[in-house]
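Participant:
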Amino acid sequence: SVETLWRDTLAKNPECWLAHHNLGFFLLSQNRSPEAETHLRAALRLRPDYYEAENNLGHCLMMQNRLQEAGQHIDRSIALNPDCAASRWSKALLCERQGKKEEAYAIAQAGLDQPAVYLDGLNRFAWLLATAENSDIRDATSAERLARRGCELTHYANPYFLDTLAASYAAQGRYLEARQLATRALVIASGLENDELENEIASRLKLYQSSEPYADRG
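Taking the working numbering, the leading residue of the sequence shown gets 3, the next gets one more, and so forth.
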């Protein structure tokens with residue numbers, strides 16, 4: 003597995019900054035943010051100018067609701083590489099969670115205006131707007147607009163964007179459309195042999211079938 007690969011690398015070379023970063027990034031993708039933080043900080047100790055580690059540490063801290071600390075690392079990432087799209091979208095997420103809506107939307111629009119849109123950042127931002135428990139953050143209409151743009155850019159063939167667009171419809175009470183899109187996302191996800199994604203979409207589809215929206219409590 004990916005985790006085993008990087009842990010084996012670190013067992014042989016504990017000072018390998020790349021292994022620390024990649025293991026941290028993997029753990030982050032598994033929502034294991036405290037473990038991820040340890041390895042991302044180790045990567046930065048060994049390579050202080052690594053902007054990707056700064057951004058990923060910022061995202062890791064956001065997952066733990068440590069927003070002020072997260073901002074320091076995201077800003078550092080942008081300072082190290084102003085052209086890093088991932089860092090800019092992380093800044094948009096942070097601003098939205100801090101209630102700085104105008105700044106968040108300005109960053110998002112700038113990201114959409116780029117010749118090559120950073121799709122992962124776009125989807126994360128749209129997902130936050132569609133599924134946030136906090137009504138001050140949730141903006142289903144804007145989430146729909148962003149998620150639809152992602153679907154258009156991926157020709158309605160990416161289950162992640164379809165899942166997000168479905169969630170945005172459900173947040174507006176448009177459950178028939180939500181069910182249709184979630185069903186499509188589920189079919190595509192099953193073809194990818196991604197059991198985790200398939201199970202997540204299936205659980206949300208059940209909510210939409212009961213006319214309930216999805217709220218991300220993570």
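Cβ coordinates follow ideal geometry from the N, Cα and C atoms, glycine included.
Does DSSP classify ASP218 as helix, strand or coil?
Facilitator: Residue state, collapsed to three classes: strand.
Participant: Once DSSP output is grouped into helix, strand and coil, what is the label at ALA45?
Facilitator: Helix.
Participant: Please check the pair LEU20 and GLU5, which I expect to be a contact at CB under 8 Å, by giving their CB distance rounded to whole angstroms.
Facilitator: 15 Å between Cβ atoms; not a contact.
Participant: Mind checking who ALA134 pairs with in its DSSP beta bridge?
Facilitator: Looking at the DSSP assignment, ALA134 forms a beta bridge with ASP218.
Participant: Which residue from ASN57, ALA38 and GLN32 puts its Cα closest to that of HIS22?
Facilitator: Considering only alpha carbons, the answer is ALA38.
Participant: Does the pairing of the segment 106-115 with the segment 69-84 give three or more beta-carbon distances under 8 Å?
Facilitator: Segments in contact, no.
Participant: On a Cα-Cα basis, can you pick out the residue from THR133, GLN70, ALA168 and ALA149 that is closest to GLY123?
Facilitator: Cα-wise, what sits closest to GLY123 is ALA149.
Participant: Can you list, in chain order, the residues of its chain with a C-beta nearer than 6 Å to that of HIS75? Leave out the 5 residues immediately preceding and following it.
Facilitator: So the list reads GLU56, LEU59 and GLY60, once near-sequence residues are dropped.
Participant: Residue range of the alpha helix (DSSP H) that LYS103 falls in?
Facilitator: Counting along the chain, the alpha helix (DSSP H) containing LYS103 begins and ends at 103-114.
Participant: Should GLU200 go down as buried or exposed, given a rule of 16 or more other Cβ atoms within 10 Å for buried?
Facilitator: Buried.
Participant: Report the three-state DSSP secondary structure of VAL119 (helix, strand or coil).
Facilitator: Correct three-state label for VAL119: coil.
Participant: Kindly confirm or deny that the segment 127-139 and the segment 184-195 touch, where touching means at least three C-beta pairs closer than 8 Å.
Facilitator: With the cut-off at 8 Å, the segment 127-139 and the segment 184-195 do not touch.
Participant: Determine the DSSP secondary structure at TYR52, reduced to helix, strand or coil.
Facilitator: Note: TYR52 maps to coil in three-state DSSP.
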